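Remarks on the structure that follows.
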Amino acid sequence: MAIAKMKKLTLMAEQQNKEPLLRSIQEMQSVEVISLTDVLEEELLEQFETTDSYKESADLQTKIQDIEHALSYINQYVPQPGMIENLKTKRDVLSLNELEDHVNKTDVDGLIEQVNSKEQKLNQLEEQKKALQEEETFLRNWRGLKFLPEEVKGLKLLNVHIGTVDNEHTPMLTAGLDELSTVYYEEIYGRSEESAYLIILPKESEQAFSELVTELSFRELKYTYDLLPEDALYSNLNTQKSLREEERTIKNEMKQWKPAAKDLELAEEYYYNIGQREVAKDLVLNSEHLFLASGWIEADKVEALKQKLINELGEDGIVVMTDDVKMNEYDQVPIVLHNNSIISPFEMITEMFSLPKYNEVDPTPLMFPFFLVFFGMIGADLGYGLLLGVATFVGLKFFNLEGSTRRFVKFLHILSYPTIAFGLFFGSFFGVSLPFHVFSLQDNVIEVMILSVAIGVVQLIFGLVMNGIIKGRQGQKASSYIDGYAWAMMLIGLVIYVLASMVYSIPLVAQIGLGLTLINVIGIVVISTISSKNKGLGFGLGLYNLYGVTGYVGDIVSYTRLMALGVASANIAMAFNLIVGFLPPLFRFTIGVVLIIALQAMNIALSFLSAYVHSSRLQYVEFFGKFFEGGGKPLTPLKTLEKHIWLKKN
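Take any residue in the sequence shown, count from 1 to its spot, add 6: that is its number in our numbering.
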C-alpha cells in the first residue's frame with residue numbers, strides 16, 4: 007500500500023571507472039549493493055572474480071579509530087555548546103567533493119600525532135603529580151623532624167632510631183621504652199593508623215631495644231632526601247604548582263582547537279565513506295577490463311541514477327540494466343516505506359515490530375487512526391494534550407531537530423491532538439473535571455469500558471477484512487475466507503445480536519445477527535473440508551479453527567486497558583490535586599505549587615509512557631496478528647556517514 011516499488015539494478019563499466027561509479031552511487035545514497043555470486047550463471051561467473059579488500063578495510067578501520075580517539079580527547083577540552091544552543095545549531099551541508107577537498111588539504115596524520123603528543127604529555131604530568139602528592143603526604147608527616155637521619159649516624163656512645171609503629175602496638179612500645187630507663191623518646195607525629203617516634207639510647211641498650219621492637223613491627227625511617235622535610239615539602243609544593251601551571255597551559259591551548267576538532271570530524275566522515283566503498287568493492291565481480299555491480303533501488307529513482315552516472319562517466323562509459331522484482335525474490339527485496347508527512351512518523355511503530363515483506367501491505371496507514379484513538383483515550387486530558395502540543399510545536403518550530411529526533415518529536419506532536427480531543431470528550435483538565443463532557447472518567451467508567459471494547463471490535467473486524475483482502479490478492483481464496491472474512495462476519499453477527507437483543511430489543515435483527523454468525527461457523531468447516539485434499543483432515547482443521555474464538559475473547563478483553571489506563575491517569579491527577587488542596591493556604595501557594603508541578607509532571611510522564619507502550623502493544627498483538635506477518639528487511643544503501651555533516655543533495 008505504501009511500500010516503494012523496487013527495481014533490481016545491474017551496472018557494467020570499465021575497471022578504471024569502478025571508483026567513480028561507486029562514489030556516485032554513494033553520493034546518491036539510494037542503491038543497496040548486493041553480491042552477484044549467488045545469482046549469475048556458472049558460465050558467466052567463470053569470466054569474473056571477486057576481490058578481497060580485507061587489508062584495506064582493516065587499515066581504514068584503524069585510521070577511523072585513531073581519528074575517533076583524537077576527536078574524543080579534544081572534545082574533553084574544547085568548549086561544547088549547551089543543550090539549547092546545540093539544538094539551534096544546524097549541521098554543515100557539504101557535497102562529497104567539498105568534503106574530500108577539505109580533508110585532502112588537511113594534515114590528518116599530523117593532527118592525530120599532535121593530539122597524541124598532548125595526551126602523552128598530560129598523562130606524564132598526571133603521573134608526576136600523583137607521585138608528588140604521595141611524596142607530599144610523606145613529607146607532611148615528617149615535617150616535625152628537624153635534622154637529617156644521616157647526621158646522627160655513627161655516634162660513638164648513642165644510637166638514634168627514627169621510625170613508625172602501628173597504633174595498636176604503641177602502648178607496648180612506650181611501656182617497653184619506659185622500662186629502659188636510659189632511653190629518650192618523643193612522638194614526631196600521630197595518625198589514625200600509625201605513630202612515628204624519635205628514640206635515642208646508649209649503645210649498650212641496643213640489644214634490649216632490638217628485642218622489644220622486633221615483636222612490635224617497628225619500621226625504621228628510610229629518608230632519601232638531602233633537605234630537611236620542611237624544606238623538601240616546600241620544594242615539592244613548588245614543583246606541583248609548576249606542573250599544574252604547565253597542565254593548565256596545555257589545556258588552555260587545547261581549548262582553542264575547535265578548528266582541529268572540526269577537521270577531525272570531517273576526516274571521520276571522509277574515511278568512513280572510503281571504507282564503505284571498499285566493502286562494496288568486495289561485492290563487485292571483476293574481469294581484466296570490466297566489472298559488474300548489482301543492487302536494489304527504488305523504481306522512481308532509476309532515471310535520476312542513470313542521469314547521474316552518464317554525467318559522471320559519459321554515455322559510453324556505463325551500461326545500466328534494470329529488472330522487475332520476481333516472485334521468488336520477494337523475501338530478499340529490501341523495503342522502503344512511503345507515506346505522507348502526517349503518517350510517516352508512525353512508521354517507527356511498524357519498524358519496531360517488523361517491516362512488511364515486498365508482497366505484503368504497509369500496516370502503518372492502517373493502524374494510524376487506531377493508534378491516535380488509543381493514545382488519546384489513555385492520555386485523555388486537555389491540559390496534558392495542550393502541554394504536549396505546545397512543547398513539541400516549539401521544538402519543531404524553533405529548534406534544529408534532525409533525523410530520528412525530529413521524527414519522534416513530530417510523532418508526539420501529532421498525538422497531542424487526540425489527547426486534547428479526548429480531554430474535551432471526558433472533560434478533564436490536569437485532573438480537574440470540566441463542566442462540559444460526554445463521558446466522565448470518574449462517573450461513567452462502565453460506559454467508557456464499553457466504548458473501549460467497541461473500538462477494539464471495530465479494529466479486529468478491520469484487521470480480519472484486511473486479512474481476507476490480502477490473501478485474496480495472493481490467490482489464497484480459501485484462506486482469505488477461513489482466516490479473514492468468515493471471522494469478520496462472525497464478529498459482525500455477534501455485535502448485531504448483542505445490540506438487537508440486549509440494547510434495542512429487536513428480535514428479528516437479533517436472529518439475523520445470530521444466523522450470520524452460525525452461517526460462517528458452518529462455512530469455516532465446509533470450506534476447510536473442501537479446500538483440503540484429505541477431507542477428514544480438512545474437517546478436523548475446520549473444527550480446530552473454531553477453537554480460535556477463545557483467542558478473540560481475550561483480544562476483546564485486552565481493549566479494556568484503554569479504559570483502565572485512562573481512568574487511572576485521570577484519578578491519579580485528581581488525587582494529586584486533592585492532596586495539595588488539603589494543605590493550609592500558606593503552604594498551598596508556596597510549597598504546594600512546587601509539589602503539584604512535580605506530581606503532575608510525574609503523572610504526565612507515566613500517562614504518556616503508558617499510552618505509547620499499550621497503544622503499541624494493542625497494534626502488535628491484537629491488530630497486526632490478524633493480517634500482518636512482517637519479516638522484511640530495510641534498504642541499506644551505500645551511503646555516507648552523515649554523523650557530523652549532512653550531504654548536499656544534487
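All C-beta atoms in this analysis are idealised placements derived from N, C-alpha and C, irrespective of residue type, glycine included. It should be emphasised that the depicted structure is a prediction, and the values quoted were computed from it without experimental measurement.
Would you grab the beta carbon distance between PRO369 and PHE630 for me? Rounded to a whole angstrom, and I think it's under 8 Å. 6 Å
Taking 8 Å as the cut-off, does the CB of ASP107 come closer than this to any heavy atom belonging to the ligand FMN? Ligands in the displayed structure: none, and consequently the ligand FMN is not present.
Thinking C-alpha only, which one of GLU353, LEU151, ILE348 and GLU132 is nearest ALA251? Position check: residue 251 holds Glu in this sequence, whereas Ala was assumed. Out of GLU353, LEU151, ILE348 and GLU132, GLU132 has the C-alpha closest to the C-alpha of GLU251.
Taking the C-alpha atoms as reference points, what is the distance between LEU457 and ALA310? 50 Å
Buried or exposed (CB count within 10 angstroms, at least 16 for buried), GLN282: buried
With distances taken from CA atoms, which of GLY638, LEU27, ILE602 and PRO643 is nearest GLU335? GLY638
Less than 9 Å separating the beta-carbons of LEU393 and LEU418? no
Beta-carbon proximity list for GLU212, same chain, < 7 Å, skipping 5 on both sides: ASN165
Residues in its own chain within less than 7 Å of TYR278 by CB, not counting five upstream and five downstream? ILE70 and LEU647
Short check: CB of LEU145 to CB of LEU239, under 9 Å? yes
Assumed close pair TYR626, PHE377 - CB separation to whole angstroms, cut-off 8 Å: Rounded, the Cβ-Cβ distance is 11 Å, inconsistent with contact.
Is it buried or exposed for ASP449, if we count other Cβ within 10 angstroms and need 16 for buried? exposed
What is the C-beta distance between LYS261 and TYR423, in whole angstroms, given that I count them as a contact (C-beta under 8 Å)? In fact, because the Cβ distance is near 46 Å, the residues do not count as touching under 8 Å.
LYS24 to SER101, Cα distance in whole Å? 20 Å
State the Cα-Cα distance for the pair GLY116 and LEU571, rounded to the nearest angstrom. 60 Å
Span of the beta strand (DSSP E) holding TYR5? Residue 5 lies beyond the residue range present for the chain, which begins at 7 and ends at 656; the question has no answer from this structure.
Note down the Cα distance separating GLU20 from MET12, rounded to an integer number of angstroms. 26 Å
Nearest neighbour of LEU222, chosen from LEU296, GLU253, GLY182 and TYR487 [CA to CA]: GLY182
May I have a chain-ordered list of the alpha helix (DSSP H) segments no shorter than 4 residues that lie completely inside the segment 71 to 152? 89 to 94, 102 to 110 and 114 to 147
Nearest neighbour of LYS162, chosen from SER613, GLU185, GLY150 and ILE206 [CA to CA]: ILE206
Which one or two residues does DSSP pair with PHE297 in a beta bridge? ALA19 and ASN292
Quick check on PHE468: does DSSP put it in helix, strand or coil? helix
Cα-Cα, which of ASP561, SER300 and GLN313 is closest to GLY323? GLN313
Relative to the C-alpha of ARG623, which candidate in VAL171, GLY529 and ILE355 has its C-alpha closest? ILE355
Take THR566 as the anchor and find which of SER621, VAL331 and PRO640 has the nearest alpha-carbon. SER621
With a threshold of 7 Å on Cβ separation, who are the neighbours of GLU141 within its own chain once the five nearest residues in sequence on each side are excluded? ASN242
If you compare alpha carbons, which of THR411, ALA299, ASP337 and MET327 is closest to PRO351? THR411
Do the CB positions of THR112 and ALA273 come within less than 9 Å of each other? yes
Would you check if the distance between the CB atom of LEU304 and the CB atom of VAL342 is smaller than 9 Å? One point to set straight first is that residue 304 is Glu, not Leu, in the sequence displayed. Yes.
Going by the beta-carbon positions, is the gap between PHE428 and ALA397 smaller than 9 Å? no
Boundaries (first-last residue) of the alpha helix (DSSP H) holding HIS443: Careful: HIS443 lies outside any alpha helix (DSSP H) and carries neither H nor E.
Using 8 Å as the threshold, is the segment 514 to 524 in touch with the segment 472 to 486, meaning 3 or more CB pairs across them? no
Pull up the DSSP beta-bridge partners for MET327, would you. THR16
Quick check on DSSP: helix, strand or coil for SER201? strand
Per DSSP, TRP652 is paired with what? VAL99
How big is the Cα-Cα spacing for THR603 and ILE597? It is Ile, not Thr, that sits at residue 603 in the sequence shown. Those two C-alpha atoms are separated by around 10 Å.
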